[in-house]
Each structure stands twice: as structure tokens, then as C-alpha cells.
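Participant:
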Amino acid sequence: MSRTAVLSESEWARIEPLMPSSSGRPGRPFQDHRRVMEGIIYRYRAGIPWRDLRETFGPWQTVWKRHRRFSGDGTWNSVLARLLAEADAAGKIDWEVSVDSTVNRAHQHATNLPRITGALSTYTNLLEEPPDHAIGRSRGGLTTKIHQLCDGKMRPLVVFLGTGQGGDSPMLPEIMASLSVDRIGPGRARTRPDRVLADKAYSAKAHRAMLRKRGIQVVIPERSDQVANRKRRGRNGGRPVDLDKEAYKRRNVIERSFNTLKQWCGLATRYDKLALTYRGGAVLSAIIVWLHELGDTP
Numbered sequence: 001m002s003r004t005a006v007l008s009e010s011e012w013a014r015i016e017p018l019m020p021s022s023s024g025r026p027g028r029p030f031q032d033h034r035r036v037m038e039g040i041i042y043r044y045r046a047g048i049p050w051r052d053l054r055e056t057f058g059p060w061q062t063v064w065k066r067h068r069r070f071s072g073d074g075t076w077n078s079v080l081a082r083l084l085a086e087a088d089a090a091g092k093i094d095w096e097v098s099v100d101s102t103v104n105r106a107h108q109h110a111t112n113l114p115r116i117t118g119a120l121s122t123y124t125n126l127l128e129e130p131p132d133h134a135i136g137r138s139r140g141g142l143t144t145k146i147h148q149l150c151d152g153k154m155r156p157l158v159v160f161l162g163t164g165q166g167g168d169s170p171m172l173p174e175i176m177a178s179l180s181v182d183r184i185g186p187g188r189a190r191t192r193p194d195r196v197l198a199d200k201a202y203s204a205k206a207h208r209a210m211l212r213k214r215g216i217q218v219v220i221p222e223r224s225d226q227v228a229n230r231k232r233r234g235r236n237g238g239r240p241v242d243l244d245k246e247a248y249k250r251r252n253v254i255e256r257s258f259n260t261l262k263q264w265c266g267l268a269t270r271y272d273k274l275a276l277t278y279r280g281g282a283v284l285s286a287i288i289v290w291l292h293e294l295g296d297t298p
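Note that the UniProt record's numbering has the sequence shown beginning at 1, numbered continuously upward.
#1: When the Cα of residue 194 is compared with those of 40, 94, 31, which residue comes out closest?
#2: With 16 other CB atoms within 10 Å as the buried threshold, where does residue 272 fall?
#3: Quick one, which of 74, 128, 282 has its alpha-carbon nearest residue 259's?
#4: DSSP beta-bridge partners for residue 270?
#5: Would you say residue 99 and residue 175 are within 7 angstroms of each other, going by their C-beta atoms?
#6: Taking contact to mean 3 or more Cβ pairs, one atom from each stretch, closer than 8 angstroms, check whether the segment 275-292 and the segment 63-75 are in contact.
#7: Assuming residue 192 contacts residue 214 (C-beta within less than 8 angstroms), just tell me the rounded distance between them.
#8: Rounded to the nearest angstrom, how far is the Cβ of residue 179 from that of residue 158, given a contact under 8 angstroms?
#9: Beta-carbon within less than 6 angstroms of residue 39's beta-carbon, same chain only, minus the 5 sequence neighbours each way: which residues are those?
#10: Would you kindly report the start and end of the unbroken alpha helix (DSSP H) that includes residue 281?
#11: At which residues does the beta strand (DSSP E) containing residue 147 begin and terminate?
#12: Using the Cβ count rule (16 or more neighbours within 10 Å means buried), how would you classify residue 130?
#13: With a CB to CB cut of under 7 angstroms and the five nearest residues on each side skipped, what residues in its chain are close to residue 75?
#14: By Cβ distance below 8 angstroms, which residues in the same chain neighbour residue 116 in space, the five residues on each side in sequence not counted?
#15: By Cβ distance below 6 angstroms, which residues in the same chain neighbour residue 33 in space, the five residues on each side in sequence not counted?
#16: Applying the criterion that 16 or more other CB atoms from any shown protein chain within 10 Å of the CB defines a buried residue, is residue 124 buried or exposed?
#17: With 16 other CB atoms within 10 Å as the buried threshold, where does residue 205 fall?
#18: What number of angstroms, rounded off, separates the C-alpha of residue 299 from the C-alpha of residue 97?
#19: Give the straight-line distance between the Cα atoms of residue 285 and residue 243, rounded to the nearest whole angstrom.
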């Protein structure tokens, strides 16, 4: 990998057919998709302003507008969905999934847009800018959360945004509802993992019931207050939670996945004003992870 290029020839050949074409559209035709995509990746890797992009990537306005377009029209989502389908067909997805969130500080240049602080983010609509721009105020100041579901080998499957002060538990149903890996060939998309690993923040009876109803093994420890409440109720408190401790040891994959994500400085600190483009950068990071994993797989 050079300092300005991440994609190999085989990796670009895999996603080139998935990129939109400007033929038949009014206005100027799209410039070289590969050069622009490398510019977007470089910007997030280095964490620099868009205006400071190297001239080798072309006009910075073009790079920014292309990323804004592809983040808002679902292009990055569709590219990731296709790579996940190919990975599943090749048997490369480990369906023991883990879920968690990571808090990222929002830079002052990302917080100077008018916003409705504390508004409910549009978690269910990933192509619409939320009124709070997914920026909230927590103990660390103005922050954003990246909620992520990864497979058993640290590769992202689902990427969501939320406000920094927002809870993790309410996001679990939305994340699970968004898990859908298409089949290449006949058959319905796979939406059910083998098991879900999560920390105590996701310990809720409703979540356990939802996952068990779908036939998914639940590996989530019980919070201390829930244990105390159950014991206080005696026989009416129900049985203790059945926790597979050996499986829970593997929950560290989600933390390691975040370590990989934050190697891109533009994701470790949020410089983007819009939640759409910031999430688009996180999805683009997932695309690169799966491209490297697929390699030359036919």
C-alpha cells in the first residue's frame, strides 16, 4: 500500500462494476471513480480538511461532492451489501456476532451547524440527515457514537450512528433488524446469526426474548442490579441467566474491530458536519476491510 493508494488492482476490479454510472444523466460525467475514492479514503485516513487533499486526487470539491452523493444515495451501503453477499457465498463470514458502540469526540468544526440537540436521531433511516446530526453532549463534551455489529473475526456487518449520550440498549433491535446478507443465487437473505455477544449494557428481558424467539443464542451477562432484584423477589424472580462464559471471552472482537476503525484519524475524531458523510466514512472503512479479506476470491 502506498501513501496515497489503498486499493489493489484486483480489489478495484471487484467494486468497479458496483459504482454508479453518469451516462444518461444531465450535467458533467463522473470523473475517474478510482481516483476520487482513493481521495476519500486518504482524507479519512489522514484526518485532514477536504481542502488540504493532494492534487493527485483532483479537485477537492469533486472528492467531497462524490462522497456526499454516495453517502446519501445509498451507494456505499449497496457496495458493502454486495461484498457481504460474496463473503457469505465464499464461507468467510463468522456468524458469531458481537455488538457494541464506541464514543468519538466531535471536533469544533463539526459542531457549528444549527441542530436540535437531544432530538431523536433517524436510526431507522440511514439515508436521511437527523436533526441533531448525531451529535450529543456527554461527559466528554460533544460526542458521537458509532454502533457496530461485527462477525467473529472483527469484520463489520452493520454500522449505525447515535448521539454521544444515547444509550446502547435501545439500538440493539435496530441493529439486528438491519442485519441482512443477500444470497448470491436463489434463497432469502440471511438475517439470523448463530449467537449474539454483548456486554451488560444490552442486558434486558425484551432483548433476550427477541433473540430467543428468533432462535439466536444470547451471550449477554446480567447486570448487578438485575441480579439483586431477581434474588429479592425469591421464587418469583425467575431463573438466573444462562451465560456461556467461554463464548463471552470472545466478545473482545468488537473492541478490536473498533481499534481497526480508529486507525483512520477522520473516524477516531469526527470532523464531518453531517452525520451522513461521517457514517459514510465508517461504511467505507468496512468496505476496505472486506475487500482485503476477499482478496482474489472468485
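Virtual Cβ for every residue (Gly too), placed ideally from N, Cα, C. From a predicted model like this one, the values you see are computed outputs, not experimental measurements.
Facilitator: Short version:
#1: Counted from its first residue, the sequence shown places residue 194 at position 194. Among 40, 94, 31, the Cα nearest to that of residue 194 is on 94.
#2: Counted from its first residue, the sequence shown places residue 272 at position 272. Its Cβ being crowded by 16 or more others within 10 Å, residue 272 is buried.
#3: Mapped onto the sequence shown, residue 259 falls at position 259. Closest option to residue 259, Cα to Cα, is 282.
#4: Start at 1 with the first residue of the sequence shown, and residue 270 comes out as number 270. Answer is 106, bridged to residue 270.
#5: As a working mapping, residue 99 is identified with position 99 in the sequence shown. As a working mapping, residue 175 is identified with position 175 in the sequence shown. It is a contact, given that the beta carbons lie within the stated cut-off.
#6: yes
#7: Counted from its first residue, the sequence shown places residue 192 at position 192. Counted from its first residue, the sequence shown places residue 214 at position 214. That pair is a contact at about 6 angstroms.
#8: Walking along the sequence shown from the start, residue 179 turns up at place 179. Walking along the sequence shown from the start, residue 158 turns up at place 158. Right, the Cβ-Cβ distance comes to about 5 angstroms (below 8 angstroms), so this counts as a contact.
#9: Taking the sequence shown and counting its residues from 1, the one referred to as residue 39 is at position 39. 53, 57, 63, listed in sequence order.
#10: Here residue 281 is taken as the residue at index 281 of the sequence shown, counted from 1. It spans 275-294 - the alpha helix (DSSP H) in which residue 281 sits, taken as one unbroken run.
#11: Counting from one through the sequence shown, the residue named residue 147 turns up at place 147. It spans 141-150 - the beta strand (DSSP E) in which residue 147 sits, taken as one unbroken run.
#12: Position 130 of the sequence shown holds residue 130. Flag for residue 130 reads buried.
#13: On the sequence shown, position 75 is the one that residue 75 refers to. Around residue 75: 20.
#14: The residue you call residue 116 lines up with position 116 of the sequence shown. Hits under 8 angstroms: 131, 132.
#15: Numbered from 1 along the sequence shown, position 33 holds the residue referred to as residue 33. Closer than 6 angstroms at the Cβ level, and outside the excluded window around residue 33, lie 19.
#16: Translated into the one-based positions of the sequence shown, residue 124 becomes position 124. It counts as exposed.
#17: To locate residue 205, count along the sequence shown from 1; it is residue 205. By the neighbour-count rule (16 or more Cβ atoms within 10 Å), residue 205 is not buried but exposed.
#18: Here the chain comprises residues numbered 1 to 298, so residue 299 is not present and cannot be evaluated.
#19: Numbered from its first residue, the sequence shown carries residue 285 at position 285. Numbered from its first residue, the sequence shown carries residue 243 at position 243. Each residue's Cα considered, the two are about 32 angstroms apart.
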